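Heads up, the thing below is written out as structure tokens.
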Amino acid sequence: GRLVKYRPPAEQSAEGITVRNDTGVFEGGEISIWYDPMIAKLCTHGATRGDAIIAMATALDGFYIEGIQHNVPFLSAIMQTPRWITGHLSTGFIAEEFPEGFHGAALTPELSARLSKVATVLDHIENRRKRKINTQMNGHVERHAAQRVVRLGQEWHTVQVTAETEYIADQCGWAPGHPVFRGEVSGQDVTVQVRRILNGYRLSHRGVVADAYVFTEREAELVKLMPEKAAVDTSKKLLCPMPGLVISIAVGEGQEVKTGEPLAIVEAMKMENILRAERDVTVKKVNARKGDSLAVDAVIMEFV
Numbered sequence: 328g329r330l331v332k333y334r335p336p337a338e339q340s341a342e343g344i345t346v347r348n349d350t351g352v353f354e355g356g357e358i359s360i361w362y363d364p365m366i367a368k369l370c371t372h373g374a375t376r377g378d379a380i381i382a383m384a385t386a387l388d389g390f391y392i393e394g395i396q397h398n399v400p401f402l403s404a405i406m407q408t409p410r411w412i413t414g415h416l417s418t419g420f421i422a423e424e425f426p427e428g429f430h431g432a433a434l435t436p437e438l439s440a441r442l443s444k445v446a447t448v449l450d451h452i453e454n455r456r457k458r459k460i461n462t463q464m465n466g467h468v469e470r471h472a473a474q475r476v477v478r479l480g481q482e483w484h485t486v487q488v489t490a491e492t493e494y495i496a497d498q499c500g501w502a503p504g505h506p507v508f509r510g511e512v513s514g515q516d517v518t519v520q521v522r523r524i525l526n527g528y529r530l531s532h533r534g535v536v537a538d539a540y541v542f543t544e545r546e547a548e549l550v551k552l553m554p555e556k557a558a559v560d561t562s563k564k565l566l567c568p569m570p571g572l573v574i575s576i577a578v579g580e581g582q583e584v585k586t587g588e589p590l591a592i593v594e595a596m597k598m599e600n601i602l603r604a605e606r607d608v609t610v611k612k613v614n615a616r617k618g619d620s621l622a623v624d625a626v627i628m629e630f631v
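Under the numbering used here, the very last position in the sequence shown is 631; numbers go up by exactly one each time.
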């Protein structure tokens, strides 16, 4: 895929911490299916293992990539695991720590509070800019709610808008459209990736990727009454999990397939990936053919 955005952390060596990024790609370039998919080797060095890990976690939080799927949140989550911090590692580390695969780091109470504050600051900065662009007559008295209600994933948090909020907004240097927020939140230096989504922000920090929406109290009351939008059902389709080349299609239209039987083989990054049936199905339509180059989530076949 194409690197629509590629903003690595700044390389530096200061106060005993070194950050280095060895890379051969650039923003606007393409990661080909024919070669090693490596984007970069991010390295940190400190006086102790703990110092280097903290520096790595911070650097990963600021490593902004758009356009392709990547493992930055996974690597960031690894930095938080006790075994990684203490150095008790083995070749089975990933399988043992993530037996069900990686689906994002857990949103702990500490991270929830931190990201809720960050979302409130982002909203405060945007509202402050909006207030400068208005048609109000001079002398108009502005009134702003003293608190916000933040929906973070499926959690709701009430955050006070205080002098601290104003201070963070002034000191962080973030402006609407910037991909990374850097500021001091509750006495800690915090780096958070920010992607604008409809009516909210997608925040990435310490392996957590969560959508944040900031409301007034009245807005939150009304939002809670709205019906949830149903997720798109893709259970009757086989989607290509990665950009790749179709090596073979193992089934035909109308064929009944049992759980675990191969459906197709897709080659990507010099590896052949066998795609198998996750349940008993009957093939309705085969959309792809041998030799096709497919993008992520391209429909390979459909089921009854």
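Backbone N, C-alpha and C fix where the C-beta goes; we use that ideal spot for every residue, glycine too.
It should be emphasised that the depicted structure is a prediction, and the values quoted were computed from it without experimental measurement.
Backbone CA spacing between residue i and residue j [nearest angstrom]
i      : j      : result
Pro436 : Leu442 : 10 Å
Phe353 : Thr609 : 44 Å
Lys459 : Ile366 : 41 Å
Thr518 : Lys585 : 47 Å
Arg456 : Gly587 : 55 Å
Val512 : Thr492 : 9 Å
Pro335 : Leu621 : 28 Å
Tyr333 : Ser417 : 32 Å
Pro570 : His397 : 13 Å
His532 : Leu434 : 10 Å
Pro364 : Ala473 : 48 Å
Gly389 : Pro506 : 9 Å
Gln339 : Glu594 : 38 Å
Ala374 : Ala386 : 17 Å
Phe429 : Ile421 : 9 Å
Glu427 : Gly419 : 14 Å
Lys444 : Leu438 : 10 Å
His451 : Leu552 : 25 Å
Arg603 : Lys597 : 19 Å
Gly579 : Ile627 : 12 Å
Glu583 : Asp607 : 8 Å
Cys499 : Gly527 : 19 Å
Val623 : Phe630 : 19 Å
DSSP state of residue i mapped onto helix, strand, coil
i      : result
Val448 : helix
Ile499 : Residue identity differs from the one stated: residue 499 is Cys in this sequence, not Ile. Looking at Cys499 - three-state DSSP - the assignment turns out to be helix.
Arg334 : strand
Met553 : coil
Arg522 : strand
Arg347 : strand
Ala490 : helix
Arg616 : coil
Ile592 : strand
Met598 : strand
Asp516 : strand
Ile574 : strand
Leu479 : strand
Val623 : coil
Ser562 : coil
Gln628 : Note on identity: in this sequence residue 628 is Met, with Gln being the wrong assignment. Strand at Met628.
Cut-off 8 Å between Cβ atoms - residues of its own chain near residue i, not counting five sequence neighbours on either side
i      : result
Gln515 : Arg441
Thr447 : Arg475, Val477, Val486, Val488, Thr492 and Val541
Glu453 : Pro503
Arg376 : Ile412 and Gly414
Lys368 : Asn348, Asp349 and Thr350
Val536 : Pro400, Gly431, Arg529 and Leu530
Glu357 : Gly328, Arg329 and Leu330
Cβ-based neighbour list, residue i, same chain, cut-off 6 Å, excluding 5 preceding and 5 following
i      : result
Gly714 : In the structure displayed, the chain extends from 328 to 631; residue 714 sits before or after that span and is not available.
Ile592 : Ile574, Ser575, Glu599 and Ile601
Cys370 : Arg347
Ala625 : Cys567
Arg522 : Arg529
Ala547 : Val476
Ile360 : Pro570, Gly571 and Ala595
Below-9 Å beta-carbon distance, residue i vs any chain C residue
i      : result
Thr609 : This model lacks chain C altogether, as it is built from one protein chain only.
Close-in-space but distant-in-sequence residues of the same chain around residue i (CB under 7 Å, 5 per side omitted)
i      : result
Ile495 : Val448, Gly510, Glu511 and Val512
Gly394 : Gly328, Arg329, Leu330, Val331 and Lys332
Tyr391 : Lys332, Arg334, Pro506, Val507 and Gln520
Ala285 : It is not possible to answer for residue 285, since the shown part of the chain is limited to 328 through 631.
Ala382 : Ile344, Val346, Thr371 and Gly373
Taking contact to mean 3 or more Cβ pairs, one atom from each stretch, closer than 8 Å, check whether the segment 558-567 and the segment 607-626 are in contact.
Yes, since at least three Cβ pairs between the segment 558-567 and the segment 607-626 fall closer than 8 Å, the two stretches touch.
Is it a yes or a no for the segment 477-493 touching the segment 404-421, going by three-plus beta-carbon pairs under 8 Å?
Touching, no, given that fewer than three Cβ pairs across the two stretches are closer than 8 Å.
Residue ranges of each alpha helix (DSSP H) within the segment 415-442, 4 or longer
Taking only runs of at least 4 residues, the alpha helix (DSSP H) segments lying wholly in the segment 415-442 are 420-424.
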